[in-house]
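First residue of the sequence shown? That's 267 in this note's numbering, and the numbers climb one at a time after it.
Even glycine gets a Cβ: it sits at the ideal position worked out from N, Cα and C.
The next block holds one structure in the form of structure tokens; read it before the comments.
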Amino acid sequence: MGRKPRRNQSFLSKLVRQSTEGLRRLPRCFRGDTGAWMLIAAFFVILGVATPRLRAIALQTAPAASEIRFIETPDWVGGSLVEHLGRIASRQLPESPPSQGDLAAIHDALNRSGWFEDIQRVRRAADGDIEIEATFLSPVAIVEDAYGEVVVDGVGRPLPEGTRMAEEPHIIRITNPRSNRPSRAARTWQGDDLAAALRLHELLEGRDWASQIETIDLSDYDRTGSLVLITDLPTRIRWGAAPGEETPLEALATRKIFRLESAFRNHGRVDQHHTGEIDLTMASHVVQR
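Put into structure tokens, the structure is as follows:
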């Protein structure tokens with residue numbers, strides 16, 4: 267590594283020395299205004315000859331990109347996904363050190379991959395590596411539409427095809443949305459029904475009894491505006507409106523959660539072993555059918 271800089275310095279020193287010696291040998295005709303213009307012309311000729319060699323030296327001594335790094339990836343992002351995204355990024359790089367245009371191409375390619383909520387920065391570090399600061403989409407729920415299951419984040423943006431979620435802890439699925447998934451990953455799912463289900467999903471997640479809830483069913487939402495929970499018995503529990511959107515005579519979400527927790531504490535199950543339907547929407551009492 268120590269020899270290259272000396273060779274480069276020798277080339278520059280030789281160029282300067284030859285230019286200086288040439289100037290000393292200039293005849294009298296190069297003196298005065300005419301001589302000054304001739305000297306300037308000679309300088310640009312020398313510069314034109316030297317520039318390609320200097321550019322080659324700079325490319326030889328510049329560090330080559332050796333690794334693509336994602337900064338602070340979430341715990342759920344595994345090594346195989348990082349490698350996949352690294353390959354997407356590396357395809358945008360030429361053999362020579364990357365330019366700003368190449369870094370912008372990496373940004374665009376990763377943005378189109380469907381894995382990110384936002385890509386804040388793509389830059390070349392001092393050691394030559396490419397560093398990427400980005401916010402990944404966070405898998406929250408599984409939605410079943412006409413095409414099968416798809417993983418979505420908290421606002422209903424699907425993650426790319428083939429994404430899977432670990433079954434531990436228990437996952438409450440969302441079924442029968444009015445609209446099917448968007449044609450591309452990372453685009454927001456259309457429909458207030460799915461948005462309502464995701465708000466309820468967030469409220470139920472992590473409860474001691476959440477494992478007894480299999481799905482949030484949207485089949486009645488367009489007709490009645492009601493979300494329905496289906497337990498593993500199965501029992502249909504009519505929840506009603508999305509949390510925070512209750513009608514004037516409807517029990518609030520906190521009251522509904524209290525009723526489910528009381529049933530679990532007293533009977534060991536939120537459905538109280540009832541195989542019909544349980545209606546939580548009444549402000550005054552629970553109805554079993």
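Report task. Name the two residues that bound the continuous alpha helix (DSSP H) containing Ala519. Result -> Unbroken alpha helix (DSSP H) run through Ala519: 519 to 533.
Requested in this report: Tell me whether Arg353 sits in a helix, a strand or coil according to DSSP, three-state version.
Outcome: helix
Requested in this report: Please determine, among Pro514, Arg387, Thr441, Val409, the residue with the shortest C-alpha to C-alpha distance to Asp420.
Outcome: One detail in the question is off: residue 420 reads as Gly in this sequence, not Asp. Out of Pro514, Arg387, Thr441, Val409, Val409 has the C-alpha closest to the C-alpha of Gly420.
Query raised in the report: With a CB to CB cut of under 7 Å and the five nearest residues on each side skipped, what residues in its chain are close to Leu470?
Result: Ile438, Ala476, Ile479
Query - Alpha-carbon to alpha-carbon, Ala355 and Ala375 - result: 7 Å
Query raised in the report: Do three or more CB pairs link the segment 395 to 408 to the segment 416 to 436 at distances below 8 Å?
Result: yes
Requested in this report: Tell me, to the nearest whole angstrom, how far the beta carbon of Arg535 is from that of Ala529; I am working on the premise that it is less than 8 Å.
Outcome: 7 Å
Report task. Return the first residue and the last residue of the alpha helix (DSSP H) that Arg378 is part of. Result -> 366 to 378
Query raised in the report: So, helix, strand or coil for Val348, using DSSP?
Result: helix
Report task. Measure the CB-CB distance between Glu399 and Ile337 and report whether it falls below 8 Å. Result -> yes
Requested in this report: Quick one: grab the DSSP three-state call for Pro465.
Outcome: The residue you asked about is not Pro; residue 465 is Arg in the sequence shown. Arg465 falls in the helix class under three-state DSSP.
Report task. Let me know if Tyr413 comes out buried or exposed under the rule of 16 or more other beta-carbons within 10 Å of its beta-carbon. Result -> Its Cβ having fewer than 16 others within 10 Å, Tyr413 is exposed.
Query raised in the report: Residue range of the alpha helix (DSSP H) that Asp483 falls in?
Result: From DSSP, Asp483 is part of no alpha helix (DSSP H) but of the beta strand (DSSP E) over 479 to 483.
**Report entry** Which of helix, strand or coil DSSP assigns to Arg556
**Finding:** Outside the shown range of the chain (267 to 555) lies residue 556, about which nothing can therefore be said.
Query raised in the report: Quick one: is Trp455 buried, meaning 16 or more other Cβ sit within 10 Å of its Cβ, or exposed?
Result: buried
Query raised in the report: How about Leu493 and Leu466: are their beta carbons less than 8 Å apart?
Result: yes
Query raised in the report: With a CB to CB cut of under 6 Å and the five nearest residues on each side skipped, what residues in its chain are close to Leu460?
Result: Gly422, Pro443
Query raised in the report: Using the C-alpha atoms, what's the distance from Ser365 back to Thr557?
Result: No information on residue 557 is available, as it lies outside the stretch 267 to 555 that the chain covers here.
Query raised in the report: So what's Thr490 in DSSP terms, helix, strand or just coil?
Result: helix
Report task. Within 10 angstroms of the Cβ of Phe524, are there 16 or more other Cβ atoms? Answer buried if so, exposed if not. Result -> exposed
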